[in-house]
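To convert a position in the sequence shown, counted from 1, into my numbering, add 3.
Think of the CB as a built atom: it goes at the ideal place given N, C-alpha and C, for glycine as much as any other residue.
Here's the structure, in structure tokens; my notes come after.
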Amino acid sequence: MKVSLFEIYKVFFIIGIQLLGGGYVIVPLLKSSVVEEKKWLTEEELIDFYAMSQCIPGIIAGNIATCAGFKIRGILGALTAILGIITPPFVIIIMLANILTSIIDYPIIQNAFWGIRISVVILVILTIKDLWTKSVNSTFAYILFFFILLCLLILPVSPTLIIITSAVISLLYSKIKGSKNA
């Protein structure tokens, strides 16, 4: 059954309202609504879209919404999903910009932001847990993970270079593994 554009907009609008903390928070929200509830995507597709969104320019949440919308309903689905995800933050930022600049230094507001940051950290940890179980699931994946971790901790290397290098290493490994199985 074809998903309506209104339904796509509504789901991504609701996710957009909940996106406190940026793009890393979108994975558990999408998993709950688009994977588990609506069953528009699989968990593997969501993780793939998340990984791809990290590799391309733009806002992570917008990139994931675009990929998901495209998978659900093509170009119109992608446009609808991105519009749905960006509408709430756009409206909220416009409404709150003047208010926040005048009250940001109040202790109660600082304490509220402290609490929000804690909840965002928890959501990021949950995202990492999901990514870990779906991505680091073989001996090769563990070796690649520790290689990348060491490179990032020791060398002054661009994350972009690390992503490209790990993709090339994975492709080479896949090619070698595939030729051994043939």
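**OP:** Return the first residue and the last residue of the alpha helix (DSSP H) that Tyr145 is part of.
**Re:** Taking the first residue of the sequence shown as 1, we reach residue 145 at position 142. Thr142 to Ile157 is the span of the alpha helix (DSSP H), which, as asked, contains Tyr145.
Subject >> Same chain only: Cβ atoms within 7 Å of Ile20, ignoring 5 sequence neighbours per side >> reply: Within the sequence shown, the letter at position 17 stands for residue 20. Correct list, in chain order: Pro91.
Original post:
In chain order, which alpha helix (DSSP H) runs of at least 4 residues are fully inside the region 6–61?
Top reply: 8–20, 29–33 and 46–58
**OP:** Tell me where the alpha helix (DSSP H) around Met98 begins and ends.
**Re:** Taking the sequence shown and counting its residues from 1, the one referred to as residue 98 is at position 95. Residues Ile63 to Ile106.
Original post:
When DSSP labels each residue in this structure, what does Tyr109 get in the three-state scheme?
Top reply: Within the sequence shown, residue 109 is the residue found at index 106, counting from 1. Residue state, collapsed to three classes: coil.
**OP:** From the DSSP output, in three-state form, read off Val123 for me.
**Re:** Here residue 123 is taken as the residue at index 120 of the sequence shown, counted from 1. It is helical.
**OP:** Taking all protein chains shown into account, decide if Gly80 is buried (16 or more other Cβ within 10 angstroms of its Cβ) or exposed.
**Re:** In the sequence shown, residue 80 corresponds to position 77, counting from 1. Buried, because 16 or more other Cβ atoms sit within 10 Å of the Cβ of Gly80.
Subject >> Val171 - DSSP class collapsed to helix/strand/coil >> reply: Mapped onto the sequence shown, residue 171 falls at position 168. Of the three classes helix, strand and coil, the one that applies to Val171 here is helix, per DSSP.
Original post:
By how many angstroms is the C-alpha of Ile125 removed from the C-alpha of Gly118?
Top reply: By one-based count along the sequence shown, residue 118 stands at place 115. By one-based count along the sequence shown, residue 125 stands at place 122. So the two alpha carbons sit approximately 11 Å from each other.
Original post:
How is Ser161 classed by DSSP in three states: helix, strand or coil?
Top reply: Walking along the sequence shown from the start, residue 161 turns up at place 158. Note: Ser161 maps to coil in three-state DSSP.
**OP:** Determine the direct distance from the alpha carbon of Ile179 to that of Gly87, and round the result to whole angstroms.
**Re:** Taking the first residue of the sequence shown as position 1, residue 87 is located at position 84. Taking the first residue of the sequence shown as position 1, residue 179 is located at position 176. Taking the straight line from one Cα to the other gives about 43 Å.
Original post:
With distances taken from CA atoms, which of Ala84, Cys58, Ala170 and Val28 is nearest Trp43?
Top reply: Against the sequence shown, residue 43 aligns to sequence position 40. Of Ala84, Cys58, Ala170 and Val28, the residue nearest in Cα terms is Ala84.
Original post:
In whole angstroms, what separates the C-alpha of Ser105 from that of Lys34?
Top reply: Along the sequence shown, one-based indexing puts residue 105 at 102. Along the sequence shown, one-based indexing puts residue 34 at 31. Whole-angstrom Cα-Cα distance: 37 Å.
**OP:** Could you tell me whether the region 70–78 touches the region 37–56, where touching means 3 or more Cβ pairs closer than 8 Å?
**Re:** yes
Original post:
With a cut-off of 8 Å, does the C-beta of Ala115 fall near any C-beta of chain D?
Top reply: In the structure shown, chain D does not exist; there is a single protein chain.
Subject >> Own chain, CB closer than 7 Å to Pro159, minus 5 neighbours either side, in chain order >> reply: Within the sequence shown, residue 159 is the residue found at index 156, counting from 1. Closer than 7 Å at the Cβ level, and outside the excluded window around Pro159, lies no residue.
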